[in-house]
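Q: This is the structure I have questions about; it appears just below.
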Amino acid sequence: MNSLYETLLHEYGSPLYIYDQATLEATIQRITRAVPYPRTQFHFASVTNGNLALLQIFRQHGWGLHANTPGDVVLGLQAGFAPEQIVYSGSNLSREEMRQMLDWRIGTLNLDSLSQLETLCAVYQSDSTPRLGFRLNLPEITGDNRIGVSADELLKAGPLAARVGLKVSGIHFYRGTGTNVTTAFTDSIARVIEVGQSLPDWEYLDFGGGFGYPYREGQVGFSWEEFGAELSQQLLQFDRPINLIIEPGRAAVAQCGTLLARVVSVKWQGAKQIVGLDTSVANIAVLSVHGGTRRIRALNDTGTELSGTDLCGNTTYSRDYLGRNCQLPKLNIGDIVTIQDVGAYGYAMASHFLHRPRPAEVLIENGTHRLIRRRENYQVLLEQQI
Ligand SMILES: Cc1ncc(COP(=O)(O)O)c(C=O)c1O
36 MNSLYETLLH EYGSPLYIYD QATLEATIQR ITRAVPYPRT QFHFASVTNG NLALLQIFRQ
96 HGWGLHANTP GDVVLGLQAG FAPEQIVYSG SNLSREEMRQ MLDWRIGTLN LDSLSQLETL
156 CAVYQSDSTP RLGFRLNLPE ITGDNRIGVS ADELLKAGPL AARVGLKVSG IHFYRGTGTN
216 VTTAFTDSIA RVIEVGQSLP DWEYLDFGGG FGYPYREGQV GFSWEEFGAE LSQQLLQFDR
276 PINLIIEPGR AAVAQCGTLL ARVVSVKWQG AKQIVGLDTS VANIAVLSVH GGTRRIRALN
336 DTGTELSGTD LCGNTTYSRD YLGRNCQLPK LNIGDIVTIQ DVGAYGYAMA SHFLHRPRPA
396 EVLIENGTHR LIRRRENYQV LLEQQI
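Per the numbering used here, the sequence shown runs over residues 36 to 421.
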């Protein structure tokens, strides 16, 4: 692995996002197999990673796309998804954006409020008819949460939509982001189905989103098998043929991504090793900024274990730590450090904060590698300025 990483950094520069196709495909297959319910369709939530090459891998495996925003739709269409393979469940679209969704002929629209339904009705023309559903707000399960409509509001939606000839046929439930406790999902199923049954034209259930990934060493992760078996069993219990949508983001794509960086400086404060890397928190969502924890490894052969290494970014921003108190060996300038499991909310959350151009992205497939997004240069900081 060490020599592969050396080759990649030599060829594409550092820091570098790399994605392993075999790992991604194994995850897609494991998740797909875990839900035996026959009317299931998976949609990859591209909020987590919008690289077209990865979206195409999901498409090739029979998944559709889940869009949080119109930008997700643009990426999905460009990656070759047909409009009817796209499920949108976002919030707060302007009239123009709602009209755009209709013009794109997106297959399924899950709205967040009756107010958004009014917007939809105002711009709707019968030339394209999406499957229409609502995001549920069930405070008894998810607590205080801004998203969705109450079970009572859901019942008002049908008659409002009927005025323009639309039918409300779906419910969408999002349990909460990054949840590894499987029972948090399985315990919600009965209540969600109960709300669905109150909908006269109920045809589909979209169960999110939100499935966790075990970032920490030894952590027990969300069980797809347990969840898939329980949800399938409960849906098979009644005769109504409900279509099931599952839209994983993080759980599908986190593991396949790694950020490679090089050590550019080493200093000591007493027994603590302070390592400077050629990346920063603007390249990656990390503990000090976004609350995430990632496994970090250093690739060198000194074999010495040290307690207390702080990995710092290449800025003076006070929270620019990629890792604190890491157990890492003595490092030298030029050593490679890997930040693992960053396929989700990694590049997608990278920004121009701190005014460094963003890294390149590379896909490793069948023993070869190819550039799937070019490294930015300083021009990107200037090109929209007037
Ligand atoms: C409606 C919806 N579905 C899916 C996702 C992807 O979620 P996750 O990465 O938690 O699976 C999100 C994330 O914001 C979301 O809002």
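Cβ atoms here follow ideal geometry from the backbone N, Cα and C, with glycine treated the same way.
(1) Using a Cβ-Cβ cut-off of 8 Å, state whether R391 counts as contacting chain D.
(2) Give the list of continuous alpha helix (DSSP H) stretches no shorter than 4 residues that lie fully inside the stretch 148-181.
(3) Roughly how many angstroms separate the alpha carbons of L398 and Q56, rounded to a whole number?
(4) Looking at F257 and T314, is the spacing between their C-beta atoms short of 8 Å?
(5) Starting from the Cα of D162, find the closest Cα among L190, G168 and V199 and give me that residue.
(6) Name the DSSP bridge partner or partners of T344?
(7) Run the proximity test for Y209: is its beta-carbon closer than 7 Å to any non-hydrogen atom belonging to ligand 1?
(8) State buried or exposed for P73, treating a residue as buried only when at least 16 other CB atoms are found within 10 Å of its CB.
(9) If you run the structure through DSSP and keep just helix, strand and coil, what is T58?
(10) Under 6 Å Cβ to Cβ from Y380, same chain only, skipping five residues before and after it: list those, please.
(11) What is the rounded straight-line gap between the Cα of P284 and the Cα of N180?
(12) Have a look at R94 and A306 and give me their C-alpha separation to the nearest angstrom.
(13) By DSSP's criteria, H101 is part of a beta bridge. Which residues make up the other side?
(14) Terminal residues of the continuous alpha helix (DSSP H) containing E132?
(15) Which parts of the stretch 277-302 are runs of the alpha helix (DSSP H), unbroken and 4 residues or longer, counting only runs that do not cross its ends?
(16) Please name the residue or residues paired with F242 in a DSSP beta bridge.
(17) Is R166 near ligand 1, going by C-beta to nearest heavy atom under 7 Å?
(18) For L59 versus L89, is the C-beta spacing smaller than 8 Å?
(19) So what does DSSP say about N127, is it helix, strand or coil?
(20) Where do the ends of the beta strand (DSSP E) carrying R405 lie?
(21) For ligand 1, is there any heavy atom lying closer than 7 Å to the beta carbon of T344?
(22) On a Cα-Cα basis, can you pick out the residue from M133, V372 and F77 that is closest to I121?
A: Reading from the atomic positions:
(1) No chain D is present in this structure, which holds just one protein chain.
(2) 149-158 and 174-177
(3) Counting from 1 along the sequence shown, the entry for residue 398 is found at position 363. Counting from 1 along the sequence shown, the entry for residue 56 is found at position 21. Each residue's Cα considered, the two are about 7 Å apart.
(4) On the sequence shown, position 279 is the one that residue 314 refers to. On the sequence shown, position 222 is the one that residue 257 refers to. Cβ atoms of T314 and F257: not closer than 8 Å.
(5) The count along the sequence shown starts at 1 and reaches residue 162 at position 127. Of L190, G168 and V199, the residue nearest in Cα terms is V199.
(6) Indexing the sequence shown from 1 puts residue 344 at position 309. Its beta-bridge partners are Q308 and C361.
(7) Numbered from 1 along the sequence shown, position 174 holds the residue referred to as residue 209. Within the cutoff, so yes.
(8) Sequence index remark: in the sequence shown, residue 73 carries index 38 (1-based). That one is exposed.
(9) The residue labelled residue 58 in the question sits at position 23 within the sequence shown. T58 falls in the helix class under three-state DSSP.
(10) Against the sequence shown, residue 380 aligns to sequence position 345. These residues qualify, in order along the chain: T83 and A320.
(11) Here residue 284 refers to the residue found at position 249 when the sequence shown is read from its first residue. Here residue 180 refers to the residue found at position 145 when the sequence shown is read from its first residue. Correcting the residue identity first, residue 284 is Gly in this sequence and not Pro. The straight-line gap from Cα to Cα measures roughly 20 Å.
(12) As a first step, residue 94 must be located in the sequence shown, where it is residue number 59. As a first step, residue 306 must be located in the sequence shown, where it is residue number 271. Between R94 and A306, the C-alpha separation is close to 50 Å.
(13) In the sequence shown, residue 101 corresponds to position 66, counting from 1. BP columns for H101 point to A80 and V122.
(14) Locating residue 132 in the sequence shown gives position 97, counting from the first residue. From DSSP, the alpha helix (DSSP H) with E132 extends over R130 to W139.
(15) 285-288
(16) The residue you call residue 242 lines up with position 207 of the sequence shown. BP columns for F242 are empty, so no partner.
(17) The sequence position of residue 166 within the sequence shown is 131, counting from 1. Flag unset: Cβ of R166 not near ligand 1.
(18) In the sequence shown, residue 59 corresponds to position 24, counting from 1. In the sequence shown, residue 89 corresponds to position 54, counting from 1. It is a contact, given that the beta carbons lie within the stated cut-off.
(19) Working through the sequence shown from its first residue, we reach residue 127 at position 92. If DSSP states are grouped into helix, strand and coil, N127 belongs with coil.
(20) For the purposes of this step, residue 405 is taken as residue 370 along the sequence shown, with counting starting at 1. Run containing R405: T403 to R408, per the beta strand (DSSP E) assignment.
(21) Within the sequence shown, the letter at position 309 stands for residue 344. For ligand 1, not one heavy atom lies less than 7 Å from the Cβ of T344.
(22) Taking the first residue of the sequence shown as position 1, residue 121 is located at position 86. Closest by alpha carbon: F77.
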